[in-house]
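First residue of the sequence shown: 56, per the working numbering; consecutive thereafter.
Using N, Cα and C, we set each Cβ at its ideal position, and we do this for glycine too.
Reading through the structure tokens given below for one structure.
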Amino acid sequence: MLNREGVKTLKTWYYKKLRKPLLIRGARQVGKTTLVRMFAEMENIKLIEINCEKPWSFIPLIKSLDPVKVIEAIEFELNITINPEKSLIFFDEVQSIPSVLKLLRYFYEEVPEYKIVTTGSLLEFVLDEPEFSVPVGRLEIMYLGPFSQDKLFTIYMYILFQDIKEICKIQKVE
């Protein structure tokens, strides 16, 4: 309901045969993380969410630019097995660890069967650094903007309608 266009774009990207890692850019609080979570839930995909603002033990491995080692370390730390056919690896808040963006090139070149999505806000500061180079041609970029007033009105009306339905159910029970 909240962002059908974004979910549709993610679905198209996820099911492509030849897919590049995806970077979802947008201002703070526009729903980037929520969109990825919603999509994974709707498609019944195992979401491996890595918030880059948290202190993970595998973070130093990211600078090695070895995606296989990074995947193994994530599996070890989270005590999971990542099935590339049914999983989505999600690096959230990548502006906190810019080397994740460099690693995306190697995910694409060395282990393209893994589906990788990243989100970040304030990425302009990271991308403008002179020593940073975007992995051109090895990354898809999606921009997520804020909702228009019409979209917000539709969302509020939907929420109001859901609340009214719930109130009616409660009153019938009593």
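Next on the checklist: By the three-class DSSP mapping on this structure, what secondary structure does PHE145 have?
Outcome noted: The three-state reading of DSSP puts PHE145 in strand, counting E and B together.
Checklist entry - Between which two residues does the alpha helix (DSSP H) carrying LEU156 extend? => result Element bounds for LEU156: 154 to 165.
Item to check | Run of the beta strand (DSSP E) containing VAL172, from where it starts to where it stops | outcome: It spans 171 to 175 - the beta strand (DSSP E) in which VAL172 sits, taken as one unbroken run.
Item to check | Buried/exposed call for TYR163, threshold 16 Cβ in 10 Å | outcome: Under the 10 Å beta carbon count, TYR163 is surrounded by 16 or more other beta carbons and is classified as buried.
Item to check | Segments of 3+ residues assigned as beta strand (DSSP E) that fall wholly inside the segment 65 to 93 | outcome: Fully enclosed beta strand (DSSP E) runs of no fewer than 3 residues occupy 77 to 80 of the segment 65 to 93, in order along the chain.
Checklist entry - Would a C-beta distance cut-off of 9 Å place ILE105 and PHE131 closer than the cut-off? => result Not closer than 9 Å, so no.
Next on the checklist: Is the beta carbon of ILE79 closer than 9 Å to that of ILE103?
Outcome noted: Their beta carbons are not under 9 Å apart, which means ILE103 does not touch ILE79 by this criterion.
Checklist entry - When you compare only the Cα positions, how much space is there between LYS49 and TYR213? => result Because residue 49 is not part of the residues shown, which for the chain are 56 to 229, the question remains open.
Next on the checklist: In the DSSP output, which residue or residues are listed as bridge partners for LEU103?
Outcome noted: Per the sequence shown, the amino acid found at residue 103 is Ile instead of Leu. ILE103 is bridged by DSSP to ILE144.
Checklist entry - Nearest-angstrom Cα distance between GLU96 and PRO201? => result CA-to-CA, the gap between GLU96 and PRO201 works out to about 22 Å.
Checklist entry - Using CA coordinates, which residue listed in VAL91, PHE216, LYS224, VAL172 is at the minimum distance from GLU60? => result Of the listed residues, the one whose Cα sits closest to GLU60 is VAL91.
Checklist entry - Below 9 Å between beta carbons: does that hold for TYR211 and LEU143? => result At least 9 Å separates the beta-carbon of TYR211 from that of LEU143.
Item to check | ILE135 - DSSP class collapsed to helix/strand/coil | outcome: Of the three classes helix, strand and coil, the one that applies to ILE135 here is coil, per DSSP.
Checklist entry - Rounded C-beta distance between PHE94 and LYS71? I'm assuming under 8 Å. => result About 14 Å; that fails the 8 Å criterion.
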